[in-house]
Amino acid sequence: MSNAATRPKRRDIEYNVRDITVRGWLQVPDGPGPHPVVILAHGFGGLKEWTIPELADTLVSVGIAAIAFDYRNFGDSDGSPREEVDHCGQIEDFLGAIAYATTVSELDPARIGLWGTSLGGRNVLAAAAIDSRVKCVVAQVPGVSLSSRLWVDMMLPDSDVATLEAAIFEDQRDRLLGKEPRYVSMDAPPDSEPGSYLITHGEEERRNWRKRISLQSFAPTVVDDLAYLIPKISPKPLLMILAEQEHPALLAGQRSAYAAAGEPKSLLKVDGHHYSVYTDWKDVTTAATTDWFLEHLTPSQSWR
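According to the UniProt record's numbering, the sequence shown holds residues 1 to 304 in order.
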């Protein structure tokens with residue numbers, strides 16, 4: 001694993017999406033370009049400093065450039081309310097990153113890959129379905145087939161569907177009356193599944209983590225179910241990584257999404273829960289991801 005001393009040199013980047021400045025960083029391999037590039041972003045409330053740097057380092061070490069960014073309203077990017085997941089906006093942020101990549105002379109605009117995890121997996125599936133510039137995609141434990149029931153079961157155990165939806169609608173009304181947004185604490189205990197993942201991050205990686213998410217992040221959206229988009233990904237090669245101990249409803253949606261996708265596609269299943277892909281199974285998922293991008297972005301190369 002790379003550290004700050006050995007990590008390939010990064011440079012800060014920014015681009016605008018509908019008057020919102022999205023910020024991130026770019027790493028480019030040594031040697032002559034233009035290089036293939038993979039664009040990476042995290043999941044629900046996740047930051048570019050989480051998990052992504054190690055994967056980006058691996059990609060750069062085999063000749064693939066990496067772009068990582070914070071979604072609008074999070075981390076180093078602009079946008080408000082802060083810590084609010086703009087579901088459609090996050091997909092636009094990926095599309096903006098694709099457009100940005102085509103402006104960088106060191107990058108090959110014909111070899112752009114996407115990687116997303118959790119809700120980011122949903123975002124890359126959508127972006128790959130609608131943007132012809134995408135060459136291939138990896139969706140890891142993607143957050144597809146979302147619902148109020150799923151949010152309650154996975155992230156809001158002290159609530160129920162009726163209470164959650166009533167609170168969302170009340171918050172919408174209150175905002176129109178000039179009141180401040182309502183937030184939900186995301187400070188997971190260390191012995192919980194998300195907590196076991198969060199404690200792997202150091203102080204620098206957590207500097208922008210405010211341990212909260214806006215209530216409107218859980219509101220229903222038109223991209224909660226991507227069934228209508230998934231078939232449009234083909235013929236772009238798709239790797240989907242699933243955790244067999246995932247929440248049953250989320251896993252069912254993921255399996256349905258994979259079944260709906262056309263060829264070429266590949267499925268990697270790991271024997272863990274939603275957060276195991278970042279901990280116990282990280283080496284396996286990193287290797288599979290790297291192999292996928294090498295095969296489809298640099299078919300003449302091998303890293304092992």
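Quick reminder that beta carbons are idealized off the backbone N, C-alpha and C, glycines included. Being a predicted model, the structure only gives us computed values, none of them experimental.
**Q.** Per DSSP, the bridge partner or partners of M240
**A.** The count along the sequence shown starts at 1 and reaches residue 240 at position 240. According to DSSP, which records beta bridges pairwise, M240 is partnered with A139, L267.
Q) For the ligand SAM, any of its heavy atoms closer than 7 Å to the Cβ of G75? A) In the structure on display, the ligand SAM does not appear, and there are no ligands present to speak of.
(Q) Per DSSP, what are the beta-bridge partners of V134 in this structure? (A) The sequence position of residue 134 within the sequence shown is 134, counting from 1. Per DSSP, I112.
**Q.** Three-state secondary structure (DSSP) of P32
**A.** Residue 32 sits at position 32 when you count from the first residue of the sequence shown. In the structure shown, P32 sits in coil (DSSP, three-state: anything other than H, G, I, E or B).
Q. Can you round the beta-carbon distance between V277 and T290 to whole angstroms, since I take them to be within the 8 Å contact cut?
A. The count along the sequence shown starts at 1 and reaches residue 277 at position 277. The count along the sequence shown starts at 1 and reaches residue 290 at position 290. Contact doesn't hold; Cβ gap of about 14 Å is too wide.
(Q) Considering Cα atoms alone, identify which of A259, G272, F44, S256 is closest to L215. (A) Sequence index remark: in the sequence shown, residue 215 carries index 215 (1-based). Nearest C-alpha to L215: F44.
Q: Apply the 10 Å Cβ neighbour rule to I130 and answer buried if 16 or more other Cβ atoms are within range, or exposed otherwise.
A: Translated into the one-based positions of the sequence shown, residue 130 becomes position 130. Classification for I130: exposed.
Q: Indicate the three-state DSSP secondary structure (helix, strand or coil) for I20 in the structure shown.
A: If you number the sequence shown from 1, residue 20 lands on position 20. I20 falls in the strand class under three-state DSSP.
**Q.** For Q245: DSSP bridge partner residues
**A.** In the sequence shown, counting from the first residue as 1, residue 245 sits at position 245. DSSP lists no partner for Q245.
**Q.** Cutoff 8 Å; reference A101; Cβ partners in own chain excluding five residues on either side
**A.** For the purposes of this step, residue 101 is identified with residue 101 of the sequence shown, where counting begins at 1. Hits under 8 Å: V37, I39, I67, L107, P109, I112.
**Q.** Nearest candidate by alpha-carbon position, reference Q172, set L156, A219, I20, S148
**A.** Mapped onto the sequence shown, residue 172 falls at position 172. Of the listed residues, the one whose Cα sits closest to Q172 is A219.
Q) Counting pairs of beta carbons, one from the stretch 18–28 and one from the stretch 166–184, are three or more of them closer than 8 Å? A) no
Q | Sequence-distant residues of its chain with Cβ nearer than 8 Å to G262 (five each side left out) | A | Here residue 262 refers to the residue found at position 262 of the sequence shown. Excluding residues within five positions, the ones whose Cβ falls inside 8 Å are P231, I233, S234, P235.
Q.
Using DSSP's beta-bridge definition, name the partner residues of Q172.
A. Residue mapping note: residue 172 aligns to position 172 of the sequence shown, counting from 1. None; Q172 has no bridge partner.
Q: Give the C-beta separation of H273 and Q254 to the nearest angstrom, bearing in mind that I take them to be a contact with Cβ-Cβ under 8 Å.
A: Here residue 273 refers to the residue found at position 273 of the sequence shown. Here residue 254 refers to the residue found at position 254 of the sequence shown. Rounded, the Cβ-Cβ distance is 13 Å, inconsistent with contact.
Q: Could you name the residues of the same chain whose beta carbon sits closer than 6 Å to that of M240, not counting the 5 residues immediately before and after it, in chain order?
A: In the sequence shown, the residue the question calls residue 240 occupies position 240. Excluding residues within five positions, the ones whose Cβ falls inside 6 Å are A139, Y258, L267.
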